[in-house]
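Residue numbers (my numbering): 3 to 184. We put the beta carbon where it would ideally sit given N, CA and C, even for glycine. Being a predicted model, the structure only gives us computed values, none of them experimental. Okay, structure first, notes after.
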Amino acid sequence: MIETRSFGDITLMITRVERLEGDSRADAERRAVRRLVDHAFGQHAQIDHHPSGAPYIIGSPVSISISHSRTHAAIAFSASHTVGVDIEEQRQQLARVAPRVLSEAELRDYSTPDLLLQAWTLKEALYKAALTPALDFRKDISLPLPPAASAATVAGCPCKVVTILTTPAYTLSLVASMQSEN
Numbered sequence: 003m004i005e006t007r008s009f010g011d012i013t014l015m016i017t018r019v020e021r022l023e024g025d026s027r028a029d030a031e032r033r034a035v036r037r038l039v040d041h042a043f044g045q046h047a048q049i050d051h052h053p054s055g056a057p058y059i060i061g062s063p064v065s066i067s068i069s070h071s072r073t074h075a076a077i078a079f080s081a082s083h084t085v086g087v088d089i090e091e092q093r094q095q096l097a098r099v100a101p102r103v104l105s106e107a108e109l110r111d112y113s114t115p116d117l118l119l120q121a122w123t124l125k126e127a128l129y130k131a132a133l134t135p136a137l138d139f140r141k142d143i144s145l146p147l148p149p150a151a152s153a154a155t156v157a158g159c160p161c162k163v164v165t166i167l168t169t170p171a172y173t174l175s176l177v178a179s180m181q182s183e184n
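Take a look at the structure:
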């Protein structure tokens, strides 16, 4: 089953990662992403990657972002904005890496395990929307403060938090650049 949500001109699709007997985790995640791409763009759609590492559909003008975790995969796309999506499950190591990726103010405002997971997915989604390799997560990507706000910046460029979905299985963040693609 594929869950589809629309946010104006941005579409988000989410599906479960189903691991078959003998599958590696990577194989199951790849198959889930392929299912999403087929559903959104057709079975003949081919994914390639820009020099920045960002995926795109060959021959399509839309911006796409893909994320997968152990249990779920997501794709977001838009014809008018660069998008970034990240989906993750709760993990203990987030607390250990947080000081390397969050500013002091972000550490203060995103202090609980659930908010820390939200901060992580937001940083990843913003990084993807920036299309700029080698950004410093702590210095170049600023989260909304307080966490309920919707404005963020990446290397000084404004981005909007489109949605944050928190379920018992995962947290997902979807962002869009405020600069139009067209």
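Beta-bridge partners of residue i, as assigned by DSSP
{"i": "Y58", "result": "D50"}
{"i": "F9", "result": "I12"}
{"i": "S69", "result": "A76"}
{"i": "S144", "result": "T155"}
Three-state class that DSSP yields for residue i in the structure shown
{"i": "L167", "result": "strand"}
{"i": "R18", "result": "strand"}
{"i": "A34", "result": "helix"}
{"i": "V64", "result": "coil"}
{"i": "L96", "result": "helix"}
{"i": "N184", "result": "Bear in mind that the predicted position of N184 carries a pLDDT of just 45, short of 50, making it unreliable; the figure below should be weighed with that in mind. Coil at N184, not helix or strand."}
{"i": "D40", "result": "helix"}
{"i": "A75", "result": "strand"}
{"i": "A178", "result": "strand"}
{"i": "D138", "result": "coil"}
{"i": "D25", "result": "coil"}
{"i": "E90", "result": "strand"}
{"i": "P160", "result": "strand"}
{"i": "S82", "result": "coil"}
Residue from the options with nearest C-alpha to residue i
{"i": "L133", "options": "A34, H51, L38 and D40", "result": "H51"}
{"i": "V85", "options": "D111, L14, Y172 and M3", "result": "L14"}
{"i": "Q162", "options": "T17, I16 and I143", "result": "It should be pointed out that residue 162 corresponds to Lys in this sequence rather than to Gln. Out of T17, I16 and I143, I143 has the C-alpha closest to the C-alpha of K162."}
{"i": "I12", "options": "A131, M3 and A150", "result": "A131"}
{"i": "A157", "options": "Y129, R102 and I4", "result": "Y129"}
{"i": "E91", "options": "S105, Q120 and A100", "result": "Q120"}
{"i": "G61", "options": "V87, A30, I49 and G55", "result": "I49"}
{"i": "T88", "options": "A151, P170, D111 and S69", "result": "One point to set straight first is that residue 88 is Asp, not Thr, in the sequence displayed. Comparing Cα-Cα distances from D88 to each of A151, P170, D111 and S69, the minimum goes to S69."}
{"i": "Y172", "options": "P148, Q95, S71 and C159", "result": "S71"}
{"i": "P160", "options": "I166, L167 and P146", "result": "P146"}
Check whether the stretch 166–179 and the stretch 62–79 touch, using three or more Cβ-Cβ pairs below 8 Å as the test. yes
Every unbroken alpha helix (DSSP H) inside the stretch 101–132 [4 residues or more] | Runs found: 106–111 and 115–132.
Open item on the list: Does the structure place the stretch 71–78 close enough to the stretch 14–25 that three or more beta carbon pairs sit under 8 Å?
Closed with: yes
| message | Does the stretch 112–119 come into contact with the stretch 41–55, if we say contact requires no fewer than three beta-carbon pairs (one atom in each stretch) closer than 8 Å? | response | no
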